[in-house]
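In the UniProt record's numbering, the protein residues as written are 1 to 140. Written below as structure tokens is the structure these notes are about.
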Amino acid sequence: MDRKSKFQARHTSLSTPDEIPEILRQFLQQHRKITKSASHPHIIAWRTGEAVRTPVNIGQRLNKSKPELGLQYINIQQGFDDNGEKGAGAKLLEHLEQHNIINKLIIVTRWYGGSPIGSLRFRHITNTSFDSLRKAEEIV
Numbered sequence: 001m002d003r004k005s006k007f008q009a010r011h012t013s014l015s016t017p018d019e020i021p022e023i024l025r026q027f028l029q030q031h032r033k034i035t036k037s038a039s040h041p042h043i044i045a046w047r048t049g050e051a052v053r054t055p056v057n058i059g060q061r062l063n064k065s066k067p068e069l070g071l072q073y074i075n076i077q078q079g080f081d082d083n084g085e086k087g088a089g090a091k092l093l094e095h096l097e098q099h100n101i102i103n104k105l106i107i108v109t110r111w112y113g114g115s116p117i118g119s120l121r122f123r124h125i126t127n128t129s130f131d132s133l134r135k136a137e138e139i140v
């Protein structure tokens with residue numbers, strides 16, 4: 001909370017961007033109080049991709065004589081929606097890119113407290129989303 005503004009984040013797994021409208025519909029239906037009271041009920045960012053196994057470079061292998069496969073993502077799609085909080089969705093997406101988070105949708109809700117907090121809101125939005133992912137052990 002900062003100057004009476006509150007932030008809350010949730011995340012969910014996602015396979016394709018086509019799932020987003022239904023996820024948001026369910027979210028808003030299940031959390032009607034948020035829909036009614038929040039100034040920005042669903043600031044979102046998402047990334048999806050197809051996981052493929054690829055050979056690991058010999059210098060990165062633990063056992064140099066045995067081939068190893070690593071996980072790589074292809075056909076990455078990503079996007080965001082500010083939900084009226086200009087620039088917030090892009091900051092969330094940047095956060096997902098920096099931590100190489102794939103196949104997740106982040107939803108951040110903001111309740112405006114009556115006092116402008118300027119660019120600090122972006123820090124609160126990304127920190128709140130980071131906390132949500134960390135609690136679920138999606139990132140370290």
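Where is the CB? At the ideal position from N, CA and C, for every residue including glycine. Computed from a predicted model, the values in this text were never measured in an experiment.
If you compare alpha carbons, which of the options is closest to residue i?
i      : options                        : result
His99  : Leu133, Ile20, Thr16, Phe27    : Leu133
Gly84  : Lys33, Leu69, Val108           : Val108
Gly79  : Leu93, Gln72, Asp131           : Leu93
Glu19  : Ser129, Ile34, Gln77, Gly87    : Gln77
Pro21  : Ala88, Ala38, Asp81            : Asp81
Phe130 : Pro116, Tyr112, Glu97          : Glu97
Lys36  : Lys135, Pro116, Ala136, Tyr112 : Tyr112
Using the rule of at least 16 other Cβ atoms within 10 Å of the residue's Cβ for burial, across every protein chain shown, is residue i buried or exposed?
i      : result
Val140 : The predicted model places Val140 with a pLDDT of 49, which falls under 50 and marks its position as unreliable, so this point remains unresolved.
Arg121 : buried
Ile70  : One detail in the question is off: residue 70 reads as Gly in this sequence, not Ile. Exposed, since its Cβ has fewer than 16 Cβ neighbours within 10 Å.
Thr126 : buried
Leu14  : buried
Ala45  : buried
Lys104 : buried
Lys135 : exposed
Glu137 : exposed
Thr16  : exposed
Check whether the Cβ atoms of residue i and residue j sit closer than 8 Å, and answer yes or no.
i      : j      : result
Ile43  : Arg110 : yes
Lys4   : Gly114 : yes
Ile102 : Thr54  : no
His40  : Ile106 : no
Glu50  : Ile74  : yes
Thr128 : Gln8   : yes
Gln26  : Val52  : no
Name the one or two DSSP bridge partners that residue i has.
i     : result
Ala51 : Tyr73
His40 : Arg110
Can residue i be considered in contact with the ligand NAD, in the sense that its beta carbon sits closer than 7 Å to one or more heavy atoms?
i     : result
Gly49 : No copy of the ligand NAD appears in this structure; indeed no ligand is present at all.
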